[in-house]
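First to last, the sequence lines map onto chains A and B. Position 548 of the first sequence, counted from 1, bears residue number 548 in my numbering, the numbering being contiguous throughout. With positions in the second sequence counted from 1, the corresponding number in my numbering is that position plus 1000. Here a beta-carbon is modelled for each residue, glycine too, at the ideal position from N, C-alpha and C. Contents: one structure, followed by commentary.
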Amino acid sequence: MNPSRSRGRLVLFGGLTLAGIVALVWVFGTGRPAALSIPYSTGTVEAADAKPGPSDHTMFGGTPDRNMVNLKDKNVPDKFDAETNAIWKADLGSKAYGGPVVAGGRVYVGTNNARPRNPRDNKKTPDGDVEPVDKGIVMVFDEKSGKFIWQAVHDKLAGAGRVHDWPDEGICSTPTVEGDRVYYVTNRCTVVCADVEGMANGNQGVTDEKYKDPTDVDIIWEYDMMKELNVFPHNMSACCPLIVGDIIYVGTANGVDEGHLNIPQPLAPSFIAMDKKTGKPLWKSNAPGKNILHGQWSNPVYGEINGVRQVIFPGGDGWLYSFVPETGELIWKFDCNPKDAVYELAGAGTRNDFIGTPVVYDNKVYIGVGQDPEHSTGIGHFWCIAPTKKGDISPTLETGKTPDGKPIEKPNPDSCAAWHYGGEEGRKWSVRDFKFGRTMSTACIVDDILYISELTGILHCINAKTGEHYWQFDTKSSIWGSAYYADGKIYLATDQSDLWVFRHDKKPERIDELDFKAENMKEATKLRKEKQKQVEAKYLIAKIEFNAPIRSTPVVANGVLYVMTEKTLYAIKK
Amino acid sequence: MTPRCRPRSLLWLLSSLCAVCLCRESPAADWIHWRGPEQNGHSREKNLPDNFDPTGKEVVWKAPFGGRSSPLVMGGRVFILQGNGAAGAKEGERVVCLDESNGKVVWEYRVNVFHTDIVSSRLGWIPLTADPATGNVYAHTTGGLLLCLSKDGKLVWQRSLTEEFGRVTGYGGRIPAPIFDSGLVVVPMVSSNWGEFARSGTRFVALRGDTGEVVWWHDAGNPVKDTFCSNPIIAVINGQRLVICGGADGYLHALKVRTGEKVFSYPFCAGAANGSPIVDGTLVYCNHGDENPEGKIYGRIICVDAAQVDPKTKRPKLVWDTYNRPYKANRNQPLSVRFGLASMALADGRLYAPSDTGELYAFNAKSGEMLWKVNYAREVRGAPLVADNKVYIFDVQQRLAIFALDGDKKPEVEEYRIREQGGSYAETNGTPIAVNGRLYFNTGAALYCLANPGAKAEPVKYNPLPEEAKFDPSAKPAAIRIFPADVEAKAGDALKFEVKLLDANGRELPAKADAVGWSLPTLPPAKEGAKPPPPLKAQIGGSGDAATVTLDKAPAQQGHVGAKVGDLSARARVRVAPRIPYTQDFNQIPDGVPPAGWANTAARFAVVTKNGQKVLMKTNTIPAPPVAKANTYITLPSATGYTIEADLMGGEVRGTLADMGVGNCRYTLVLDGKIDPTTGKRTVRMGSWEARPPSGRIGKSVTFDWQKDAWYTAKLTVEQQEKTAVVRGKVWKKGDPEPADWTLEFEDPSPNREGAATLYGYISNITDTQPGAEIYYDNVSITPNAKK
């Protein structure tokens, strides 16, 4: 099953322009084109402005509450041509799932090594062909010019293949930048703290890095979760670190093996807290334990909810766990699945885990459930939780099992479920069996209006306080990233290479696409399409085509819109 | 498992000479290759439905046999391989035969699934193949059985590819299809076994269609990038009859059908090449959705000219590909598109290529020019069917898309949602077919037959394969082949081998080989993998084209038989597998060597001296899944009615113990190395096919807090009853008296009737720099059950 990465963001670039790709030379004798040599910067480019910008986007979601909004920037472009309106473009590998993060004049992206920046990272085959070696890469670019500055190069976990380190996925973690340090999780299931300057200013911290060219990463500390904690990462380690004070929080990716039923290391932690200066573990939890369904690729979130400071981890068992940040003491937990849900590696399964990340907003927690996209869509749920109590605050409690193994449940007096959207859709003219499908996305909440997209391409607009559903729009393409708010608009990118831009409305109109009376399916289809046209006319601003699928979230920082396709980072400004 | 008979049938010889190809010479009303008579996804049927309503008049019949592949239609019957839909112990896979006219079941043949990590929702992804001359249907099941079923649903023969040849399960259920041609069933696979096949490789085996005997093996020789699911096709190019298929090595491979000799190969993917090829004249098309060997962007469609093969590199000339060609519609950039898990179609000079992410591209097949692109889906695994000027293709997410083609112009497309009764979410991974005026396809829940009301099927004509080069009975032999090419025998057997003289197309020449130099050779050491086995302990006799190899009394061994005729040479593989009763204490085996006669053991297990004691050790330095988790297959898979007992010991590394166990008739008794977080103790479990939590198709587990560095004895016995099997296992600390009670016991209502005796090991904590936990085995004993 494919590794699942929810994150999506951008990168900056520098190197070869795309036109260069076209200028390939054939070698007819071998029937294969000669490998392109990528221009390689031997020197380093200093970030033009190393100071924090007015609206840097320094981590997944921009802030520790992970809400996908930018409330500062104005005049963000919404109708443009990607190729001609970009202020710069940067070549990435062939896949890019980490970032972009914009901090201190630099832009950070997680990608693969399909376009090596350093000739060292190529190999020569027995046939004499030059081919890139598969590696995990964090590329760092100059925010103003897009020029390449430095990169972190991490070897693959040799031999493990798809089990731990899926081929060619690169680094899927969105880095977190704080001051002069950047933190990320590698494809090797290690947590890295690195110098934002790279190796160019000398080697600080540990000095046994494998790669030490001037454009290589300068690692301060690196913590190996497989070696030290016996973690068994499923497919890929992808967590986007969270920093609160001096503590860094990371989900470990512990999961099932390639057989998809056995959890080889149920005692290994799923969540860890570390000293951000040293990488020393402070506390850890294996709360999901043997109930992990698949892997764990979501991200922790921080919030002060009704005055209670807490770090919330999404568990691979479909539960949210809230902890005291300093001690790891459990504050509350919430089961995001119906008790009778059944897990299957296919669309028919009704039990889910998390790919999207929880958002803390207005003393509440928002999250939708999902699965590895390889398992297709299926019935999903979106939750708003108001955690005012402690312990198990799920909607119901399981009190036992029937003789045939079905759960017996009762309402939970401590339930903190504020509202729920999803479940089965029974209306006659619905084209599917459920209201809300599995999601890989994280919520975007602004003016008490919530936007959440599904894997199957539908964007929902919902009242964040009440759960009232206003409208939905079908992009007809898979969505791995999230809706993102900036400058009165919602940006949403898809697997079919498009960036969709919608108008944000503080008081949205309720347009229910099944609110009609029809005699037959043909008529119902016509009426449903009319409703969809109403949504499009009212809320769609633009659909902008890019050069490759976009499996990331477009973000805005310091007045610039960054769109990261799987192979190129675009910086676009009005 | 072993072939029933071994006659040199005249029919088979004739079919080999005449090149009976299911694809071309079958009646027009058959659809045998999953992509149709021209193997390109193009049906020439007319007047097919242009819309779909699951409850509409266009549904001729619907049968509750969901699946992920496409049906096969032959002789008025429809055949499909699919998961049988039952949960629990009755879950398995079956070939279903239905009456084409009304969808009524004629027969079904069910098998268990075993020795695989593939889960139940992924069953039935492998297209069938058939021999229209005999009506035999061939199925490659998820558990690795290759079944030959007669037209009335009786088993003609079967092989267990996993247990006999070390075939590796595909990832996520995607496994390449077999193909029947020229009297042979050719099966692509990733395998690793013994001798020169110890290394994991993309391999093709050809079995006689009538007996299941091995005619040839082809080893592609390149590193395996992944398991793969390219389905092969048959072509005649430059007068040569070829089987063409993608490989786990990222290559497109073309082999002579009758011999497996390489004609050309073309590397074009950094991962596994999963697309199924298409041939038009001398042009061969294939697709992939992984990274490219040269880097930069992923995905590629290639068009190569197989008439222009470089004699030195054996690579065909590239005509065009999407990697290098600038596309105006893509701002003069090459295409970065996942043309990965769905295969293409070719019709009327246009190549239709679906991306995994739901766009259908149409290209001018000769030039590679993009004609149009339409977004129609979110997630695509099935291939397009072009028929009646329409394209039918599924979105996995319960939608059928129907395109109304309009020459080179971008077509209109309509989506039809499929809501199955009962509201279950049934994915649509299948590929539609059209034959006899009807359209057939699988959803996850059902098999549909559609037709326009009142429409009558018109005869249609398909282009036959080009003629092969004319057969010249007096031609100088171009190659020789030993038949059979791979034999499983028992000690003392007198094995008959023949040398065949072949023309350049692999056709048998009437002349008999004389002056054949027969030998029992040792192969030179391979660059990687296990040491080659010593020469067969046997006497070889005979002259001319036939030889008798009389094996000596060694209870188990492997080796080769060689033949030389002038400059031409060939060899065959011989395995003498242990027979029951059998004991093995490893005392006579040098360190570093696997026990003789065992399959799937080299590189995965080896004898070591531990504390002065000779034992077998599981390899704990290679994290690749087929090595980290492995069964040895000690006996042949036909073994039944026996008990296996062995001593096992686990060593702790980084706080972790591995899983270790023994297997009997496809049931496994496992000492689980992990500690249950609830009890704080380890467990022992026993079952078969861990497809669903918590215990697989059938199984049980119990707390048994075994400890590191201590020997335990495990005993597993399977008692076959009339309709069930009683499976019993026990574990005790070595040296303690054997407990009277069984540790675990269950009765299987869907019993495995036979299966190789195995040792099992799974080390989950091997990293690229550190060895994982250790497993040792000793004192293996396999004994027949007492007769009652």
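Legend entry - Anticipated Cβ contact below 8 Å, residue 1533(B) with residue 1164(B), distance rounded: In fact, because the Cβ distance is near 17 Å, the residues do not count as touching under 8 Å.
Inset, instruction - Can you say whether residue 126(A) is buried or exposed, counting buried as having 16 or more other CB atoms within 10 angstroms of its CB? - result: exposed
Inset, instruction - Return the first residue and the last residue of the alpha helix (DSSP H) that residue 1202(B) is part of. - result: Not the alpha helix (DSSP H): residue 1202(B) falls in the beta strand (DSSP E), residues 1201-1208.
Legend entry - Reference residue 75(A), options 558(A), 563(A), 567(A) and 566(A), closest by Cα: 558(A)
Inset, instruction - Could you tell me which chain B residues have their CB closer than 9 Å to the CB of residue 56(A), listed as they occur along the chain? - result: Result: empty, since nearest Cβ-Cβ is about 30 Å, beyond 9 Å.
Inset, instruction - Taking a Cβ distance cut-off of 7 Å, strictly less, list which residues of the stretch 338-360 of chain A are near chain B, in chain order. - result: 344, 345, 346, 347 and 348
Legend entry - Minimum C-alpha distance to residue 1224(B) - residue among 1232(B), 1248(B) and 1217(B): 1248(B)
Legend entry - From 1036(B), 1241(B), 1086(B) and 1179(B), residue whose alpha carbon lies closest to that of residue 1471(B): 1241(B)
Inset, instruction - Starting from the N-terminal side, write out each stretch of the alpha helix (DSSP H) that is 4 residues or longer and does not extend beyond the stretch 1151-1205 of chain B. - result: 1161-1165
Inset, instruction - Could you tell me if residue 1087(B) is buried or exposed, where buried requires 16 or more neighbouring beta carbons within 10 angstroms of its beta carbon? - result: exposed
Inset, instruction - Return yes when the Cβ of residue 258(A) is within less than 7 Å of the Cβ of residue 1625(B), no when it is not. - result: yes
Inset, instruction - Within the same chain, show all residues whose beta-carbon is closer than 7 Å to that of residue 1553(B), passing over the 5 residues directly before and after it, in chain order. - result: 1491 and 1492
Legend entry - residue 1786(B), buried or exposed, once every other Cβ within 10 Å from all chains shown has been counted against 16: exposed
Legend entry - Min CB distance residue 1681(B) to chain A below 7 Å: no
Inset, instruction - Mind listing the chain A neighbours of residue 1770(B)? Cutoff is C-beta to C-beta under 8 Å, in chain order. - result: 227
Inset, instruction - Tell me, please, whether the CB atom of residue 1767(B) is closer than 7 Å to any CB atom in chain A? - result: yes
Inset, instruction - Residues of the stretch 164-198 of chain A with a CB closer than 7 Å to any CB of chain B: list them in chain order, please. - result: 167 and 168
Inset, instruction - Run down chain B in chain order and give the residues with a C-beta less than 7 Å from the C-beta of residue 377(A). - result: 1397
Inset, instruction - Would you identify the three-state DSSP class for residue 1688(B), choosing helix, strand or coil? - result: strand
Inset, instruction - Could you tell me if residue 1511(B) is buried or exposed, where buried requires 16 or more neighbouring beta carbons within 10 angstroms of its beta carbon? - result: exposed
Inset, instruction - Reducing DSSP to helix, strand and coil, say where residue 225(A) ends up. - result: helix
Inset, instruction - Rounded to whole angstroms, what's the CA-CA distance from residue 410(A) to residue 399(A)? Just pull it up for me. - result: 7 Å
Inset, instruction - Determine the contact status of residue 272(A) and residue 332(A), defining contact as a CB-CB distance below 7 Å. - result: no
Inset, instruction - Work out the CA separation of residue 1310(B) and residue 1055(B) for me, nearest whole Å. - result: 55 Å
Legend entry - Given 8 Å, three or more beta-carbon pairs between the stretch 117-126 of chain A and the stretch 1317-1330 of chain B: no
Inset, instruction - Could you spell out the range, first to last residue, of the alpha helix (DSSP H) harbouring residue 83(A)? - result: 82-85
Legend entry - Check whether residue 480(A) and residue 551(A) have beta carbons under 7 Å apart: yes
Legend entry - Partner residues on chain A for residue 1297(B), Cβ-Cβ distance less than 8 Å: 21, 94, 114, 548 and 567
Inset, instruction - Measure the Cβ-Cβ separation of residue 1762(B) and residue 1649(B) and say whether it is below 7 Å. - result: no
Inset, instruction - With a 10 Å radius around its C-beta and 16 neighbouring C-beta atoms as the bar for buried, classify residue 1243(B) as buried or exposed. - result: buried
Inset, instruction - Report the residues of the stretch 1114-1125 of chain B with a CB closer than 7 Å to any CB of chain A, ordered along the chain. - result: 1117, 1119 and 1121
Inset, instruction - Put residue 1287(B) into one of helix, strand or coil per three-state DSSP. - result: strand
Inset, instruction - Could you list which residues in chain A have their beta carbon closer than 7 Å to that of residue 1579(B), in chain order? - result: Within 7 Å Cβ-Cβ: nothing; residue 1579(B) doesn't reach chain A, min ~31 Å.
Legend entry - is_contact[residue 1306(B), chain A] using C-beta, thresh 7 Å: no
Inset, instruction - Quick one: list the residues of chain A neighbouring residue 1675(B), beta-carbon separation under 8 Å, in chain order. - result: 266 and 267
Legend entry - Buried or exposed by the 16-neighbour rule on C-beta atoms within 10 Å, applied to residue 1307(B): exposed
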